[in-house]
Amino acid sequence: MKVRESGMPAEDWWSSFFDPDLILRELGLEPSCQVAVDMGSGYGTFAIPAARQIRGVVYALDFDPQMVAACEARARAAGLQNVICRQCDFVAGGTGLAGGSAGFVMLFNILHAENPVGLLQEAYRILAPGGKVGVIHWNYDPTTPRGPSMDIRPRPEQCQDWMRSAGFRLVKPRVDFPPYHYGIAGQKAET
Numbered sequence: 195m196k197v198r199e200s201g202m203p204a205e206d207w208w209s210s211f212f213d214p215d216l217i218l219r220e221l222g223l224e225p226s227c228q229v230a231v232d233m234g235s236g237y238g239t240f241a242i243p244a245a246r247q248i249r250g251v252v253y254a255l256d257f258d259p260q261m262v263a264a265c266e267a268r269a270r271a272a273g274l275q276n277v278i279c280r281q282c283d284f285v286a287g288g289t290g291l292a293g294g295s296a297g298f299v300m301l302f303n304i305l306h307a308e309n310p311v312g313l314l315q316e317a318y319r320i321l322a323p324g325g326k327v328g329v330i331h332w333n334y335d336p337t338t339p340r341g342p343s344m345d346i347r348p349r350p351e352q353c354q355d356w357m358r359s360a361g362f363r364l365v366k367p368r369v370d371f372p373p374y375h376y377g378i379a380g381q382k383a384e385t
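195 is the number of the first residue of the sequence shown in my numbering; add one for each residue after it.
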């Protein structure tokens with residue numbers, strides 16, 4: 195199931211909006227991470243840099259088979275063996291990953307979905323105790339060059355509330371990623 199307003203622009207333009215390495219570090223991805231999961235990986239904009247940063251594997255999950263193929267091609271071109279790209283309808287049926295198996299989950303530019311708390315609950319389910327979730331989204335500003343319509347674009351406070359309701363403790367309640375994004379880092383309880 196596609197997330198509403200989830201079409202992807204050209205890869206070069208899309209990539210110009212982010213500094214993936216900075217975002218991943220700021221939101222808590224650590225080199226020792228054994229399993230990271232990118233829910234809605236698209237071109238692999240974040241999955242590929244995450245795979246370079248960690249010792250473990252990155253599951254790059256996307257509903258769109260063209261995005262899965264693009265991510266696979268990028269991983270191959272980069273010589274990365276630790277990216278597992280899967281076509282997966284995680285919105286409707288979950289990730290298919292075992293509970294407690296991940297150390298870091300990425301929910302980037304996706305919480306405008308119909309059920310954002312459900313996505314966060316799935317992230318919580320697959321995270322090991324002490325695991326972290328990183329969220330980024332477009333600023334709540336109609337002048338951004340991209341992003342969902344303002345009637346479904348979440349404000350940072352909404353994302354924070356959704357994260358808490360899914361069980362996360364906010365580690366970084368808000369990080370600005372100029373010029374167009376903000377981020378939030380949460381953590382699953384240790385026990």
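The C-beta atom is built at its ideal place from N, Cα and C for all residues, glycine as well.
Since the structure is predicted, the reported quantities are computational estimates derived from the model, not experimental observations.
H331 and T239 have their alpha carbons spaced roughly 14 Å apart. Under the three-state reduction of DSSP output, D355 falls in the helix class. A residue is called buried once 16 or more other Cβ atoms fall within 10 Å of its Cβ, and D232 is buried on that count. In the three-state reduction of the DSSP assignment, A272 falls in the coil class. Segment contact: the region 357–372 against the region 334–345, fewer than three CB-CB distances shorter than 8 Å; contact not assigned.
Residue burial annotation: G380 is buried, with at least 16 other C-beta atoms found within 10 angstroms of its C-beta.
In this model, L291 and I320 are separated by some 7 Å (Cα to Cα). Membership of Q281 in the beta strand (DSSP E) is indicated by the continuous run 277–281. At a cut-off of 4 residues, the continuous stretches assigned as alpha helix (DSSP H) that sit fully inside the region 214–275 are 214–220, 241–247, 259–271. According to the DSSP secondary-structure assignment, M300 is paired through a beta bridge with D232, G328. Secondary structure of L313 (DSSP, three-state): helix. If you compare the alpha carbons of R268, L301, L223 with that of G250, the shortest gap goes to L223. Its Cα nearest to that of I378, the residue P367 stands out among P367, T385, E384, P372. For F212, no pairing in a beta bridge is given by DSSP.
With contacts defined by Cβ atoms closer than 9 Å, G328 and A296 do not form a contacting pair.
In the assembly as shown, S235 is a buried residue. Its beta-carbon has 16 or more other beta-carbons within 10 Å. Taking a C-beta distance under 9 Å as the contact criterion, A269 and A241 qualify as a contact pair. With fewer than 16 other CB atoms across the displayed protein chains lying within 10 angstroms of its CB, T337 is exposed. With 16 or more other Cβ atoms inside 10 Å of its own Cβ, L301 counts as buried.
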